[in-house]
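For the sequence shown, position 47 matches number 577 in this note's numbering, and the numbering has no gaps at all. For each residue, glycine too, the CB sits at the ideal point set by N, CA and C. None of these values were measured; they are calculated from a predicted model. First up is the structure itself, then whatever we jot down about it.
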Amino acid sequence: MAIMKRKPTEEPLSRRSEIEKMFDDMEEWPRRFFAPWFGMWPARRLLEHVMPAPTIDVVDKKDKIFVTAEIPGVNKEDIDISVTENSLTIKGEAKREKEVEEEDYYCCERSFGSFSRSVSLPAKIQTDKVDASMKNGVLEIELQKIEEERPKEIRVEVK
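Structure below.
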């Protein structure tokens, strides 16, 4: 069982968020564990068109959600972002700049190919109010939350 660090001022995560994080971690641990040896693995050619999903941070502020994704070596023209009220998907492709013959490699650790990463958002967002920018391989996405309607209070006269 993993121990999760939390700041004392931080609200506890909902059970659903904890479960989603657990599944995200389960999908990512093999990549992170085997990464140092993966470049020496002869079967790497089988996966040369698959790039690992980008690592992300999701920050929930009062009226906005901020998502930051590390996508080094990918041009902004090769990134596709799609949103629904409660989810975000980032897809793209890291292209090899030039072909190098396999026998010329001494070490091969970088990944190229397509990737996709979807994440559930902590609140509903306005799908028409999303901004994205990319600088130095870091994609920043700003999503405007939907203003929650407050319950309307009605006074009822007792007869």
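Taking C-alpha positions only, Lys665 is separated from Cys638 by approximately 25 Å. Within the same chain, Ala624 come within 6 Å of Gly603 by CB-CB distance, once the 5 residues on both sides are set aside. With 16 or more neighbouring CB atoms inside 10 Å of its own CB, Gly622 falls in the buried class. Glu677 is the residue among Ser644, Glu677, Tyr635 and Val668 whose C-alpha sits nearest the C-alpha of Lys654. Between Ile620 and Arg640, the alpha-carbon positions lie close to 20 Å from each other. Arg647 counts as buried, since at least 16 other C-beta atoms from the protein chains shown sit within 10 angstroms of its C-beta. Leaving aside the five residues that flank Ala583 on each side, the residues in its chain whose CB is nearer than 6 Å to its CB run, in chain order, Phe645 and Arg647. In the DSSP annotation of this structure, the continuous segment of the beta strand (DSSP E) that includes Ile595 starts and ends at Lys594 to Glu600. Distance between Glu631 and Asp590, taken at the CA atoms: about 46 Å.
Glu627 has its alpha-carbon roughly 28 Å from the corresponding atom of Asp587. Classified as buried, Ile601 has 16 or more neighbouring CB atoms from the shown chains inside 10 Å of its CB. Under DSSP, Arg647 takes part in a beta bridge, and its partners are Ile620.
The Cβ atoms of Thr657 and Glu615 sit closer than 8 Å to each other.
A buried status is given to Val613, since no fewer than 16 other beta-carbon atoms sit within 10 Å of its beta-carbon.
Burial is judged here by how many other beta carbons sit within 10 angstroms of a residue's own beta carbon; Val668 has fewer than 16 and is exposed.
Sequence-distant Cβ neighbours of Asp634 in its own chain, meaning closer than 7 Å and more than five residues away, do not exist here. Val597 counts as buried, since at least 16 other C-beta atoms from the protein chains shown sit within 10 angstroms of its C-beta.
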